[in-house]
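Here is the structure we will look at.
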Amino acid sequence: MELNSNIPSGPLEQKWDKHKADMKLVNPANKRKFKVIVVGTGLAGASAAATLAELGYNVTAVTYHDSPRRAHSIAAQGGINAAKNYQNDGDSVWRLFYDTVKGGDFRAREANVHRLAQVSVNIIDQCVAQGVPFAREYGGYLDNRSFGGAQVSRTFYARGQTGQQLLLGAYQALSRQIGLGKVTQLNRREMMDLIVIDGRARGIVTRDLLTGKIESVLGDAVLLCTGGYGNVFYLSTNAKNCNVTAAYRAYKRGAYFANPCYTQIHPTCIPVSGDYQSKLTLMSESLRNDGRIWVPKKHGDTRKPADIPENERDYYLERKYPSFGNLSPRDIASRAAKEACDDGRGVGPGGRGVYLDFADAINRLGKHTIEDRYGNLFEMYERITGDDPYSVPMRIYPAVHYTMGGLWVDYNLMSTVPGLFVLGEANFSDHGANRLGASALMQGLADGYFVIPYTLGGYFGQVGPSPLPSYDAPEVKAAEKMAADKVQSLLSIGGKRTPTSFHRELGTLMWDKCGMARNRKGLQEALQEIPAIREEFWKNLYVPGTGEQLNQSLELASRVADFLEFAEVLVGDALHREESCGGHFREEYQTEDGEAKRNDDQFTYVAAWQYNGDGAAPSLHKEALNFENVHLATRSYK
Amino acid sequence: MNLRLHIWRQAGPADQGMMKTYDLAGVNEHMSFLEMLDVLNEQLLNAGEEPVAFEHDCREGICGTCGMVINGRPHGPIARTTACQLHMRSFKDGDEIYIEPWRATAFPVVRDLVVDRSAFDRVIQKGGFISANTGTAPDGNAILVPKTDADHAMDAAACIGCGACVAACPNASAMLFVSAKMGHLSYLPQGQAERSTRAMNMVLQMDAEGFGGCSNHYECEAACPKGISVEFIARMNRDVAASALFGRD
Ligand SMILES: Cc1cc2nc3c(=O)[nH]c(=O)nc-3n(C[C@H](O)[C@H](O)[C@H](O)COP(=O)(O)OP(=O)(O)OC[C@H]3O[C@@H](n4cnc5c(N)ncnc54)[C@H](O)[C@@H]3O)c2cc1C
Ligand code: FES
């Protein structure tokens, strides 16, 4: 299939407005005849479900959580970007657009990113109207802070709990629609498969996590808002239950998977402390507004940080990237930390850590100001490590955090399966090879509040209303049987190893061979080892209990089974992309001073992978990226 | 360290349930409480037994999914700390630890330590929002919010909906949860239009869900991992009284 991004014609600034004017509309009385299934109630899903219900569509929202409010978006700390230019510091839609394209190392679609920057301003307005308690200045005006990859202050925040407050805003809007009977909310239901009938996405197969019942939900369109796949690495900053199943199952039903190798390693996380470690904790990027990152100049220096004099410290980000300093983008800051540690100058147990030091900021601004800005983060740090960051520098290390790759979508957010739309972190669309801080919240809400309400109408306007397929349709029954069979197979292996042990094994392999730095040999080895782990999984897995009860081991096993297949697609993509860009760093392709070296002649495209059956290699489709408005430059933060 | 754990086991909603004892060796002080339970569960699985069901997701103290009564206290011994953020350095070798689910009529047990908290969602659905359809909003800075009001609103909005307040209350009252949402919205100018209907509708639903009344024990505030103040309850009571007096507009 030829990939058509459906980017509207015309000048960049006018594309979205023109597209909105050109799209077909659905008249108000007809809207309730369309049933929309929204999978996931994070920022993308909750905002979409609420808005579509407000418009009059008949919405069913599904989540595996016990409440829509628990989605992983809740954990976002630092903030959300918007081109409001409230600080009068030179920000604009153009600048946010440009920073995002550049931050993504010129591997994103211009038109999508520009639209994102345009609607960013509406998001803030909408959230304020809903009662999101953003930080304010004394005059009552909205306050901002800075994030990496930008030289303006455009990040809006609610203490260190921005994701929580934005999600609660969307959750409350959704709750209002549930209360009004406009949204049917299905909690504790896991999507197991996508149902495609006559070439259109018409529903999903779900498993009730309390009773095990396999049941389909049918409708006129399916919106996947199911988040990212960072947990393929086992250890990440993602919530424990985040998984790839919904997206991967859609891939197996014909949706192409784009750029799976673009994974983001966040520079400031609390280092691993032992092999019992179940997840990693992020220390928000906002800390880099005031914290300075350093390691000792001397190799193997074991003195306490306070005993290391100023001139024996290497503030390596400030040294290497003087114009962005500690606010260099994530991929760059992470690699620099790895480099320092590989060089034997890391601090703490195992030498896998660098300091994030607030001493200067505390001297300059006073402890009170720092407490006001980051109090809850400091508390969290102390709770986890037992150290007080007001008196000793934090110790941090990079960790898997976000996935820029995801299901391929066109400008309308529709995948290669007509009627299947993908929103939020689950799609690949806006961040290229590296996402800038505070831009995921922006994208999730842009997709849900301001893009899909228009583009979904455009789709319905085209296909028109049609009767719901029968719940006895062969496609429905076949998909249900597949889901039931998967559960049964997992339960009946009767081996010896736990689902977690396999997840951990896969994650370790992925981190070692396809993590912060990748090379051909390692990737080829990973492609040998993943199928071996998968084989062992299907021979030697042990899942207790039955499929007719709450069974958390079974849930996990089912997700790990999909990770074990998906990992191969990710590694295959990393192997094929013979260049370094953003979060994808191939050791073979670097400049003399160790920076990522892109190969624009050969790789200025989106790699979209098509499933060809188990055991068969997926085929590659390329969507060429055309840069008409920005100049394809070497990214420099020096 | 070596621990003796007494854990509530209940196969399903209809099951009687009972405490069972497990000895766990080699616990590391840097583990989180949930990681300690992970280790126990891996051991149970390796022995062919059913692991202890408990809920969790973010493990960062923000999603509100985790929750269990640890030695008689919701979320355990450390103030302002969720179970997932509790670390084993708060315990010592040889400790006996009692772990139970939230206990409240409105939160029926699903399995082991997992309870059903959907009553909270239904209370929010009755009024815990500002009715602002997407697309209708004026410019963000058109609505000025004094910093102190924004700070108060944020103090209340920090609630993670975990249910510890209900579990701590001798009456299983949900007043802290409900009043936190009302306080969040009533401190903001945007929240004024629906202030009294919101108060009335949320309280009616709260009662319908079977939560108890408040008799000023203040156990809720002590148990709240976000330190939400009982002052919001007083504020809510004023709003409810006002809405009863002046009708439900
Ligand atoms: C610790 C942390 C801090 C962050 N901080 C920031 C920040 O400051 N600024 C920023 O911009 N970004 C931040 N991010 C990134 C950002 O939070 C996420 O990218 C974003 O919230 C994702 O939103 P989403 O709606 O796409 O998905 P999610 O919030 O992950 O929601 C996914 C939803 O899908 C449901 N789901 C998934 N699979 C299934 C299935 N099979 N069946 C049923 N339901 C399913 C889940 O239940 C959930 O409701 C942070 C991320 C982390 C990990
Ligand atoms: S797991 Fe999220 S608050 Fe504890």
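Residue numbers (the numbering used here), protein chains in the order written: chain A, 1 to 638; chain B, 1001 to 1249. All C-beta atoms in this analysis are idealised placements derived from N, C-alpha and C, irrespective of residue type, glycine included. Owing to the predicted nature of the structure, the values given are computational and were not obtained by experimental measurement.
- Listed in chain order, the positions of the segment 40-68 of chain A with a beta carbon within less than 9 Å of a beta carbon of chain B are S47, A50, T51, E54, L55, H65, D66, S67 and P68.
- With the rule of 3 Cβ pairs closer than 8 Å, the segment 267-276 of chain A does not count as touching the segment 13-22 of chain A.
- Residue contact with chain B for I178 (chain A): present (Cβ-Cβ distance below 8 Å to some residue of chain B).
- For D193 (chain A), the uninterrupted beta strand (DSSP E) segment begins and ends at R189 to I197.
- Looking at the DSSP output, E1100 (chain B) sits in a beta bridge with B:V1069.
- Contact annotation: in the segment 1036-1061 of chain B, residues whose CB is within less than 9 Å of a CB in chain A are M1036, D1038, V1039, N1041, E1042, L1044, L1045, N1046, G1048, E1049, E1050, P1051, A1053, F1054, E1055, H1056, D1057, C1058, R1059, E1060 and G1061.
- In this structure L420 (chain A) is not in contact with A608 (chain A), their Cβ atoms being roughly 14 Å apart against a cut-off of 8 Å.
- Residues of the segment 1089-1118 of chain B whose Cβ lies closer than 8 Å to any Cβ of chain A, in chain order: R1089, V1110, R1111, V1114, D1116, R1117 and S1118.
- Closest in C-alpha terms to Q87 (chain A), from the list A:V152, A:C127 and A:Q528, comes A:V152.
- By the neighbour-count criterion, in which 16 or more other beta carbons inside 10 Å mark a residue as buried, K1226 (chain B) falls on the buried side.
- One thing to note: I204 (chain A) has its Cβ within 8 Å of the Cβ of V39 (chain A).
- Along the segment 116-143 of chain A, going in chain order, the ones with a CB nearer than 9 Å to a CB of chain B are V121, N122, I124, D125, Q126, C127, V128, A129, Q130, G131, V132, P133, F134, A135, R136, E137, Y138, G139, G140, Y141, L142 and D143.
- A check of alpha carbon separations from A1142 (chain B) across B:K1181, B:P1189, B:C1084 and B:P1051 identifies B:P1189 as the nearest.
- Between the C-alpha atoms of I178 (chain A) and M404 (chain A) there is a straight-line separation of about 31 Å.
- Annotation: the continuous alpha helix (DSSP H) that includes N122 (chain A) extends over E110 to Q130.
- Under the 8 Å criterion on CB atoms, G274 (chain A) is classed as interfacial with respect to chain B.
- Of the candidates A:F460, A:F257, A:G169 and A:L194, A:G169 places its Cα closest to the Cα of A50 (chain A).
- Rounded to whole angstroms, the separation of the alpha carbons of P1013 (chain B) and K1092 (chain B) is 34 Å.
- As DSSP reads the structure, N58 (chain A) sits in a beta bridge with A:K35.
- With respect to chain B, the C-beta atom of T500 (chain A) has a partner C-beta closer than 8 Å.
- Between ligand 1 and C242 (chain A), a heavy atom-to-CB distance of less than 7 Å is present.
- Judged by their CB atoms, H1030 (chain B) and H1075 (chain B) are not nearer to each other than the 8 Å cut-off.
- By the 16-neighbour rule on beta-carbons within 10 angstroms, Y381 (chain A) is buried.
- Of all residues in the segment 506-521 of chain A, none is placed with a Cβ closer than 9 Å to any Cβ belonging to chain B.
- Taking C-alpha positions only, Q462 (chain A) is separated from V571 (chain A) by approximately 38 Å.
- Relative to ligand 1, even the nearest heavy atom lies 7 Å or more away from the CB of L556 (chain A).
- Nearest C-alpha to A82 (chain A) among A:N144, A:N363 and A:V422: A:N144.
- For I1130 (chain B), no alpha helix (DSSP H) encloses it, and the DSSP letter there is neither H nor E.
- By the rule that beta-carbons nearer than 8 Å mark a contact, M442 (chain A) does not touch chain B.
- At a C-beta separation below 7 Å, G386 (chain A) has these neighbours in chain B: R1089.
- Uninterrupted beta strand (DSSP E) stretches at least 3 residues long and entirely within the segment 595-623 of chain A occur at 605-610, given in chain order.
- For P398 (chain A), the uninterrupted beta strand (DSSP E) segment begins and ends at M394 to T403.
- Close CB contacts of P544 (chain A) within its chain, under the 7 Å cut and outside five residues either way in sequence, are with S553 (chain order).
- For L180 (chain A), no alpha helix (DSSP H) encloses it, and the DSSP letter there is neither H nor E.
- Taking C-beta atoms as the reference points, R497 (chain A) and L556 (chain A) fail to come closer than 8 Å.
- Taking the Cα positions, M1202 (chain B) is about 16 Å away from C1159 (chain B).
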